[in-house]
Amino acid sequence: MSLLQHWRCSLRSHVRFLRTSRQAAQPKVAKVLVSVGLTGSVMFGVAFAHLSSDENEKVWISRRGPLSLDAQRAIELVPLLPCVGSGLVAVLLTKTMPKQVKALRLPISVHELTALPLSILLAFRFQLSYERWWASRQQVQEVGTNAIALAMCSANNQEVISLDKSEDKLGADEIECNEHRMLGLLDAACALIELQLSKEQDPHPSNGVESWQSFDTHLHPVDARQISQSGNRINCCFDAIFTTVHRGQMLGVYSSELASGMYELASNMFRSYKFCDMIVNQQSPAPFAVHMRTILLVFCISFPFTIIGQVNPVSLMLMQSALSFSLMGIEFVSRQMEHPFGNDESDIPLRFALQRIRADIRLIAQKHQLLDGLDEEVTKSCQKNKRLSDLP
1 MSLLQHWRCS LRSHVRFLRT SRQAAQPKVA KVLVSVGLTG SVMFGVAFAH LSSDENEKVW
61 ISRRGPLSLD AQRAIELVPL LPCVGSGLVA VLLTKTMPKQ VKALRLPISV HELTALPLSI
121 LLAFRFQLSY ERWWASRQQV QEVGTNAIAL AMCSANNQEV ISLDKSEDKL GADEIECNEH
181 RMLGLLDAAC ALIELQLSKE QDPHPSNGVE SWQSFDTHLH PVDARQISQS GNRINCCFDA
241 IFTTVHRGQM LGVYSSELAS GMYELASNMF RSYKFCDMIV NQQSPAPFAV HMRTILLVFC
301 ISFPFTIIGQ VNPVSLMLMQ SALSFSLMGI EFVSRQMEHP FGNDESDIPL RFALQRIRAD
361 IRLIAQKHQL LDGLDEEVTK SCQKNKRLSD LP
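Below you can see the structure in the form of structure tokens.
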């Protein structure tokens, strides 16, 4: 009987051990299954996007999607490294001094009080930066729209007067000179605006163009000399545009109503440029940016010590990484949108946009046989009579 009882006790202990081992292994198995399931789901989505021909599907694996390894992510290492380091310190303390970590825990109420002003500052920061970027994009479009409208008005009214060249060769030559001058100035204005807003830096290769001509390629020699020697080339260029509109009105090419509309188009074009120039040269107030970034950095660095000892080290590190990545990402995106003109890939493709405007101006000129080079006799006639060289 003693042997049988011993065998039963041994069997029961083995059963209890197996049950305990199974219960202990279940959470680990569940974690492995969750990890495998999530990874498999993501990989399945990536494979489906590669096989799909729908652009709405492929965008998720492009540089503008989260499932691409080379996506344009909102990551800045300088603020992220202290945040990750803070999480690692908290994990190390949890592992080495599990009984003392409670004394290091910060009151959660401090973070709760800080979260409200931080969220307000981040929300305002993002909204103002987005409005700044969106307005800049619209103003660049306005520059192009007004330039093309001016080119159309000028080119389509060069023959408003029924003028026989055999009777008044000088007047016909001067009208042709004036229209050539206008389209050349509009082309130069687009090139000079790009140089000014980009601070003469080449754009990102993805936003570049194959052939970018110099601003004086299609300018009349007098205009090219005056603009090159001017201390403010863009102001000089727009001044010449206004002068050309006035000269066309004096020659009878533009009626008073048309000239008034062209003045307004040129003024709007110049106003849009000045808005973009203000965006380039004026940033958000430094105290606002410094205050918001200080609160954000302190909030993220101190966060692990508000939950230390309450969660396991893996969960602590995951929570710290997620919080830092999300909040620092908002600040990074806000700063990118605050500076819409530059040589980053995500900046407004200024040269690409203005190159299209310049191409449209050249198409208008080709249709009306302008900008192909003035007749040498016409140029000499204009300069001889001081009709162009006397203009500012």
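If you're matching positions, the sequence shown starts at 1 in UniProt numbering and goes up one per residue.
Idealized CB from N, CA, C, for every residue including glycine.
TODO: Check whether the stretch 144 to 153 touches the stretch 223 to 238, taking contact to mean three or more Cβ pairs, one atom from each stretch, closer than 8 Å.
DONE: The stretch 144 to 153 is not in contact with the stretch 223 to 238.
TODO: Just confirm the distance between the C-beta atoms of I364 and A155, as a whole number of angstroms; I'd bet it's less than 8 Å.
DONE: Going by Cβ atoms, the distance from I364 to A155 rounds to 5 Å, so yes, they are a contact pair.
TODO: Spell out a yes or no on whether the stretch 264 to 284 and the stretch 131 to 144 are touching, meaning 3 or more CB-CB pairs, one atom from each, closer than 8 Å.
DONE: Using a Cβ-Cβ distance cut-off of 8 Å, the stretch 264 to 284 and the stretch 131 to 144 are in contact, since at least three pairs of beta carbons, one from each stretch, lie closer than that value.
Open item on the list: Using 8 Å for Cβ pairs, my map puts P313 next to V91. What's the rounded Cβ distance?
Closed with: Beta-carbon to beta-carbon, P313 and V91 are separated by about 4 Å, close enough to satisfy the 8 Å threshold.
- [ ] Would you mind sorting L85 into buried or exposed? The rule is 16 or more other CB atoms within 10 Å of its CB.
- [x] Checking the displayed sequence, the identity of residue 85 turns out to be Gly instead of Leu. Exposed is the call here.
Task: Residue nearest to S68 in terms of C-alpha spacing, selected from S334, P82, V42, Q127 - done: Nearest of S334, P82, V42, Q127 to S68, Cα basis: V42.
Open item on the list: Can you tell me whether L69 is helix, strand or coil according to DSSP?
Closed with: Correct three-state label for L69: coil.
TODO: Could you have a look at N235 and say whether DSSP puts it in helix, strand or coil?
DONE: Shown here, N235 sits in a helix according to DSSP, grouped into three states.
Open item on the list: Which residue wins for smallest C-alpha separation from R105, given the options S119, I279, V311?
Closed with: By alpha-carbon distance to R105, the top candidate from S119, I279, V311 is V311.
- [ ] For V36, count neighbouring Cβ atoms within 10 angstroms of its own Cβ and tell me buried if that reaches 16, exposed if not.
- [x] Counting Cβ neighbours within 10 Å, V36 comes out exposed, since fewer than 16 surround it.
Open item on the list: Whole angstroms are fine: how far does the CA of A49 sit from the CA of M262?
Closed with: Each residue's alpha carbon lies about 50 Å from the other.
Open item on the list: For F124, count the other beta carbons within 10 Å of its own beta carbon; 16 or more makes it buried, fewer makes it exposed. Which is it?
Closed with: Counting Cβ neighbours within 10 Å, F124 comes out exposed, since fewer than 16 surround it.
- [ ] Could you tell me whether the stretch 347 to 357 touches the stretch 178 to 193, where touching means 3 or more Cβ pairs closer than 8 Å?
- [x] Result yes; three or more Cβ-Cβ pairs closer than 8 Å.
TODO: Give, in chain order, every unbroken run of the alpha helix (DSSP H) that is at least 4 residues long and sits entirely within the stretch 35 to 91.
DONE: Listed in chain order, they are 55 to 58.
Open item on the list: Let's see if you can read the secondary structure: which residues bound the alpha helix (DSSP H) around Y130?
Closed with: In this chain, the alpha helix (DSSP H) harbouring Y130 covers 108 to 155.
- [ ] Within 10 angstroms of the Cβ of G248, are there 16 or more other Cβ atoms? Answer buried if so, exposed if not.
- [x] G248 should be labelled buried.
- [ ] For the alpha helix (DSSP H) holding T294, just list the boundary residues, first then last.
- [x] Element bounds for T294: 286 to 302.
TODO: Spatial neighbours of P98 within its chain, please: CB distance less than 8 Å, with the 5 preceding and 5 following residues excluded, ordered by chain position.
DONE: Same-chain partners within the cutoff: G309.
- [ ] Could you tell me the boundaries of the alpha helix (DSSP H) in which D360 lies?
- [x] Its alpha helix (DSSP H) spans residues 350 to 367.
Task: Stretch-stretch touch, CB-based, cutoff 8 Å, three pairs: the stretch 199 to 211 with the stretch 235 to 253 - done: Segment contact: the stretch 199 to 211 against the stretch 235 to 253, fewer than three CB-CB distances shorter than 8 Å; contact not assigned.
- [ ] For my contact list, F332 and I75 are in at a C-beta cut-off of 8 Å; report their separation, rounded to the angstrom.
- [x] Distance from F332 to I75 at the Cβ level is roughly 7 Å; contact confirmed, criterion being Cβ atoms closer than 8 Å.
Task: Nearest residue (CA-CA) to N281, options V46, G342, W134, K31 - done: It is G342.
- [ ] Check the C-beta distance from Q320 over to G65 and give it rounded, since I have them as a contact under 8 Å.
- [x] Not confirmed; about 26 Å, so no contact.
- [ ] Please decide whether V311 counts as near chain C, where near means a Cβ-Cβ distance under 8 Å.
- [x] Among the protein chains of the structure shown there is no chain C, as only one such chain exists.
Task: Distance, A359 Cα to Q366 Cα - done: Between Q366 and A359, the C-alpha separation is close to 10 Å.
- [ ] Determine the extent of the alpha helix (DSSP H) in which V314 is found, giving its start and end residues.
- [x] Bounds of the alpha helix (DSSP H) holding V314 are 313 to 338.
Task: Contact under 8 Å by Cβ, S198 with M337 - done: Contact flag unset, no.
TODO: Can you have a look at V245 and say buried or exposed, based on whether 16 or more other CB atoms are within 10 angstroms of its CB?
DONE: Residue burial is scored here from C-beta neighbours: V245 has at least 16 other C-beta atoms within 10 angstroms and is therefore classed as buried.
- [ ] Would you kindly work out how many angstroms separate the C-alpha atoms of H111 and S302, rounded to a whole number?
- [x] Those two C-alpha atoms are separated by around 9 Å.
- [ ] Go ahead and label S326 buried or exposed: buried means 16 or more other beta carbons lie within 10 angstroms of its beta carbon, across all protein chains shown.
- [x] Taking a 10 Å sphere around the C-beta of S326, we find fewer than 16 other C-beta atoms and assign the residue as exposed.
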